[in-house]
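Student:
In our numbering, the protein residues as written are 629 to 1051.
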């Protein structure tokens, strides 16, 4: 990690707590975001010389709040500043901010922020996009990638969402129990996307984006505390735990991706896996299946396999089939094709994904999977073309390097085949 990379990681991790608290203080989304950004700029100036504060989130809250108040004073020199109790329920003592940040009062700031972004007046796509941008601080490019849309389209979506929140005069308070239930689906989806942004990071960015996955797990656990009898939130939390349990085995020392079948399973986090199992078992007792529970069950089958050969690919294929029914998506079908290739062969899997080509023409993993299937079928020229396309669409050097390894293997296999023919 570079000399300043730790600062970026700290700011990323602290963002939800800090923005949530600033929003509670100022009751205005743009003001809270601007206050946080000003605090980040000051952190970039002072932390390299002074070192990290005892509690980065508390530091950012205090500095951001003071910077925003200064802006208000400069903008309203002729007007008295409103009484503190009129705009805030945040105590003034700096020491108390640090001491209480880990208490329920401050943890709830994050959920309050999530529920505000997922307000019912916003379309679902705008809710999740706004929450990803505001809560986790993902760039427009990163959010667009999660939705498989262009940056321009996502920029417009986020701008419209912010404008709609402002026009609707959304109350910046934690909604009541009934309204929380109505927004639960959008909030869960947002947490899942935050996790994936951290989980899919690779190479040099893996360590920096890891806090996103950890924050998503923390948010899921907090959400489960609010909805302790909701099986889909149990499923969501279990899914994140089971996926994150493999984090230590997913990259080699150089940062290159390691496929699931090649991972050292002794590095998997067994306590985290056990927690995921327990949540799945508890969710299934409710007999109300949903997409997160199904995905968690798939992850559990991978986790239970002591070796790659022990994986129950037939059952995974069936679970993906059930997921296609409740949550149809070309990504789900693409993932199912991997299971189908193991259970029924590469040709059956290739037949399944070929119709997805138009919808996934900008998706790196589509061409990676397609190339692998073509390689297994001995269609080497087509495989190389598909791998080349995957490299062009790769989001990181680690992803591109993985595809190049596949190409090198393809070339070696082709050379060996030609040598045998010439004998």
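Idealized CB from N, CA, C, for every residue including glycine.
Predicted model only: the values in this text are computed from it and were never measured.
Comparing alpha-carbon positions, which option in 960, 1004, 955 lies nearest residue 975?
Tutor: Nearest option by C-alpha distance: 1004.
Student: Mind checking whether the beta-carbon of residue 990 lies closer than 6 angstroms to any heavy atom of the ligand FMN?
Tutor: Because no ligand of any kind appears in the structure shown, any question about the ligand FMN cannot be addressed here.
Student: Kindly indicate which three-state DSSP category residue 714 falls into: helix, strand or coil?
Tutor: Model confidence at residue 714 stands at a pLDDT of 47, short of 50, so the residue's coordinates are unreliable; what they give is reported in the following sentence. Reduced to three states, the DSSP call for residue 714 is helix.
Student: Just verifying my parser: in three-state terms, what is the DSSP assignment at residue 1015?
Tutor: Here residue 1015 sits in helix by DSSP.
Student: Classify residue 790 as buried or exposed, calling it buried when 16 or more other Cβ atoms lie within 10 Å of its own Cβ.
Tutor: So residue 790 ends up on the buried side.
Student: Can you give me the C-alpha to C-alpha distance between residue 637 and residue 882, rounded to a whole angstrom?
Tutor: So the two alpha carbons sit approximately 20 angstroms from each other.
Student: Determine, using beta carbons only, whether residue 651 and residue 667 come nearer to each other than 7 angstroms.
Tutor: Contact flag unset, no.
Student: On the DSSP bridge list, what partners appear for residue 855?
Tutor: Answer is none; residue 855 lacks a bridge partner.
Student: For a test of the three-state rule: what should DSSP assign to residue 726, helix, strand or coil?
Tutor: Any reading at residue 726 needs caution, since the residue's pLDDT is 43, under 50, leaving its predicted position unreliable; the model's value is listed next. Residue state, collapsed to three classes: helix.
Student: Any contact between the stretch 892 to 907 and the stretch 945 to 962? By contact I mean 3 or more CB pairs, one from each, below 8 angstroms.
Tutor: These segments do not touch.
Student: Grab me the residues of residue 664's own chain with a C-beta within less than 8 angstroms of its C-beta, minus the 5 sequence neighbours each way, in chain order.
Tutor: For residue 664, where only same-chain residues beyond five positions count, the Cβ hits under 8 angstroms are 643, 646, 647, 650, 688, 692.
Student: Spatial neighbours of residue 749 within its chain, please: CB distance less than 6 angstroms, with the 5 preceding and 5 following residues excluded, ordered by chain position.
Tutor: Only 796 meet the Cβ criterion.
Student: Quick one, which of 985, 978, 992 has its alpha-carbon nearest residue 1007's?
Tutor: Of 985, 978, 992, the residue nearest in Cα terms is 978.
Student: Thinking C-beta only, is residue 865 closer than 7 angstroms to residue 848?
Tutor: Taking 7 angstroms as the Cβ cut-off, residue 848 and residue 865 qualify as a contacting pair.
Student: For residue 808 and residue 743, what's the separation of their Cα atoms in angstroms?
Tutor: Distance between the alpha carbons of residue 808 and residue 743: 7 angstroms.
Student: Check whether the stretch 772 to 783 touches the stretch 674 to 686, taking contact to mean three or more Cβ pairs, one atom from each stretch, closer than 8 angstroms.
Tutor: Output reads no: the stretch 674 to 686 does not touch the stretch 772 to 783.
Student: Under a Cβ-count criterion, where at least 16 other Cβ atoms within 10 Å of its own Cβ denotes burial, should residue 944 be classed as buried or exposed?
Tutor: The residue is buried, with at least 16 neighbouring Cβ atoms inside 10 Å.
Student: Once you ignore the five residues that flank residue 855 on each side, which residues in its own chain have a CB closer than 7 angstroms to its CB?
Tutor: Cβ neighbours of residue 855 beyond the five flanking positions: 812, 861.
Student: Let's test the definition: count the other Cβ atoms within 10 Å of the Cβ of residue 916 and tell me whether it reaches 16, buried, or not, exposed.
Tutor: Residue 916 is exposed by the Cβ-count criterion.
Student: At which residues does the alpha helix (DSSP H) containing residue 939 begin and terminate?
Tutor: No alpha helix (DSSP H) contains residue 939, which DSSP labels as neither H nor E.
Student: Would you kindly report the start and end of the unbroken alpha helix (DSSP H) that includes residue 975?
Tutor: Run containing residue 975: 974 to 981, per the alpha helix (DSSP H) assignment.
Student: From the DSSP output, in three-state form, read off residue 885 for me.
Tutor: Residue 885: strand per DSSP, three-state reduction.
Student: Taking the CB atoms as reference points, tell me whether residue 785 and residue 805 lie closer together than 7 angstroms.
Tutor: In this structure, residue 805 does not lie closer than 7 angstroms to residue 785 by Cβ.
Student: Quick one: what's residue 879 bridged to in DSSP?
Tutor: According to DSSP, residue 879 bridges with 885.
Student: Taking residue 1021 as the reference, give the member of 973, 991, 822 with the closest Cα.
Tutor: Checking every option, the nearest Cα to that of residue 1021 belongs to 991.
Student: Express the C-alpha separation of residue 781 and residue 788 in angstroms, rounding to a whole number.
Tutor: Each residue's alpha carbon lies about 11 angstroms from the other.
Student: In the structure shown, what three-state DSSP assignment does residue 648 receive?
Tutor: Helix at residue 648.
Student: Taking the CB atoms as reference points, tell me whether residue 904 and residue 869 lie closer together than 7 angstroms.
Tutor: Closer than 7 angstroms, so yes.
Student: Hey, residue 965 and residue 980: beta-carbon distance below 7 angstroms or not?
Tutor: For residue 965 and residue 980, yes; Cβs fall inside 7 angstroms.
Student: Compute the Euclidean distance between the alpha carbons of residue 726 and residue 641, then round it to the nearest angstrom.
Tutor: With a pLDDT of 43 at residue 726, under the threshold of 50, the predicted position of this residue should be treated as unreliable, and no value is reported.
Student: Using the rule of at least 16 other Cβ atoms within 10 Å of the residue's Cβ for burial, across every protein chain shown, is residue 973 buried or exposed?
Tutor: The residue is exposed, with fewer than 16 neighbouring Cβ atoms inside 10 Å.
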